[in-house]
Structure formats: structure tokens, C-alpha cells
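Numbering (the numbering used here), first residue to last: 1 to 308.
Put into C-alpha cells, the structure is as follows:
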């Protein structure tokens, strides 16, 4: 009887401690996200986010979208350092093909504003004011003649969405703030962020495409390429998935003579990314048409520090 009583007491103590711990965590989260959770702040936050979103979409129309492409340099260097040269080369080729698919998907489908492309390791240079010497041409090489003249820009990249740990952040501290939320869903073809890397907020339409274009074929997709003298030759087949969808019983087009095959995840092929980019472009256009440009002299002074 005493043993059973002791077990019950121990269980009760553990339960009380757990509840206290969870409550403390929620309290800390509440402090970090009071913009979302404090009923007294709701109306103020709603007004703030509507003004900020309307200002952002109007600035973007005359500004630019900078698309970040991955280098995977750490993984490539790791392969090389372990003597796995073939794996390093394969990763270089895969990175090039995925980045080429992303670039062409934007060039073909994004018409809302001017677009530029950078490698992710050039982001700090962009943030520090570089407007030339970091942008990529259609061969994915840095072209020093490309100059971004637009003052306002937003950033886009393929990424997870997050249950943001931050509300709106004033620009004087934005550089030092990082989002620490947990992923809230799958990989989106496009996630738009401000120049400090903070995920944008509704009602701004900052997402395009979820995961992959929904078609019946779920397996890896063959990409055909040549790799000679450290040069990659890759021609995008822009109807590859469509053709497969129309004739599921047929195989993909055969490997061309002189080419090799790389199997790629469906979410990284041109048509899948195009689906997300086109969706984003349409949503931006629709939101812009329905938004009234805020008059600068009538914007609440408390909101102006969030406009950047």
C-alpha cells in the first residue's frame, strides 16, 4: 500500500513539474509572439500588417525580387576532403541542374517585377550594399555587368515555412534578429522574405507552390547532361512531366547519345518549380490590384520603422 501511494505521489509531482515547464515555455513564447496572441494587440497588429503588406507590394512592383540559389559548397568540400571525388562532381552537376531549373522557371513565369539571381553566399554582400559583381547570368556565372538599380528588393528561395518566432521587427534591430520557429509544413517552391531573411507575413502573398506539382508520377525524374572539361551541358525539357502525365504507360524520353543521366527529385524539376513561380506571380498581381498604395505622409509614425 505504501509503495502504491509513493508511486502515485511521484506521478503527481512529475505531472505538476511538467505542467509548470510547459506553462513557462508558453509564457516565453507568448512574450516573443505577443503580436499574434495578445487579444489587446490584435486590432493594432491587424492594422499594422495590412499597411505593411500594402506598402511592400507597391514597393515591389517598382523594385526587384532577388532569387537565392544554393551552392552546396560545404557538402561538395566534404566529399573532396574525404577523397570522394566522384560524389563531389555528381553534387556539382546536380546543383547546377537544379539551379538552372529554378532560374528558367522564374525567367519564364515571373513577370510581376524585375528579377535578379545570386548564390546564397552572396547574400551578405547584397545586404551590405553591393549592387554589382554578385548577380548571375543565364549560365549561372557571376556577370559583373549586371547592376541592380532598384532600391527596394525582397528575397525569394526554395524553403520550408516556419511558425515564426518573431513579429514585425524594426529595421534598426532587424539585422540582429533570426527566426527560430519550427517548420510548419513541407518545402515550398517559393518563400518570400525581406532583405534580412525574415519570412513575410499575411496578407502579403509570400508563398508559391507546396512541395511538388501534383501529378501521378512520384518517382525520380531523369535529367540528361554532358560533363566535359569541367563544363556542364544541360538542356531543360519543359514538357517532361506533362508528357508523362498524358501517357503514364510510356517511359521518359531515352537518354540522348553522348549524354549521361542524373535522377532528380520531382520537386526540383523545371515544371514543378514553374508551377510554384506562376502561382506566386498570379497571387502578387492579384494582391497588387486590390491594394491601395499607402500615402507616406498619412502612415502612422509607429508603423514607419517596419517599412524597409
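All C-beta atoms in this analysis are idealised placements derived from N, C-alpha and C, irrespective of residue type, glycine included.
Exposed or buried, residue i, counting other C-beta atoms within 10 Å across all chains shown (16 or more means buried)?
i, result
"residue 279", "buried"
"residue 95", "buried"
"residue 274", "buried"
"residue 271", "buried"
"residue 22", "Residue placement at residue 22 is flagged as unreliable, the pLDDT there being 31, under the threshold of 50; the coordinate-derived value follows with that caveat. Answer is exposed; the Cβ neighbour count stays below 16."
"residue 219", "exposed"
"residue 184", "exposed"
"residue 139", "exposed"
"residue 48", "buried"
"residue 242", "exposed"
Would you say residue i and residue j are within 9 Å of each other, going by their C-beta atoms?
i, j, result
"residue 189", "residue 158", "yes"
"residue 118", "residue 68", "yes"
"residue 161", "residue 144", "no"
"residue 263", "residue 65", "no"
"residue 91", "residue 76", "yes"
"residue 196", "residue 177", "yes"
"residue 313", "residue 303", "A question about residue 313 goes unanswered here, because the residues of the chain that appear run from 1 up to 308."
"residue 167", "residue 45", "yes"
"residue 208", "residue 283", "yes"
Just the C-alpha distance for residue i and residue j, rounded to the nearest angstrom, thanks.
i, j, result
"residue 228", "residue 259", "11 Å"
"residue 36", "residue 205", "In this prediction, residue 36 has a pLDDT of 47, which is less than 50 and means its spatial position is unreliable; nothing more can be read from the coordinates."
"residue 83", "residue 89", "12 Å"
"residue 250", "residue 225", "21 Å"
"residue 244", "residue 269", "13 Å"
"residue 137", "residue 277", "19 Å"
"residue 231", "residue 247", "34 Å"
"residue 308", "residue 155", "13 Å"
"residue 86", "residue 257", "22 Å"
"residue 235", "residue 127", "33 Å"
"residue 149", "residue 59", "14 Å"
"residue 238", "residue 223", "12 Å"
"residue 252", "residue 287", "39 Å"
Assuming the contact rule is C-beta atoms closer than 8 Å, residue i and residue j should be a hit. Round their C-beta distance to whole Å, please.
i, j, result
"residue 70", "residue 120", "6 Å"
Kindly identify the DSSP beta-bridge partner or partners of residue i.
i, result
"residue 233", "226"
"residue 264", "221"
"residue 157", "191"
"residue 64", "114 and 153"
"residue 207", "191"
"residue 69", "119"
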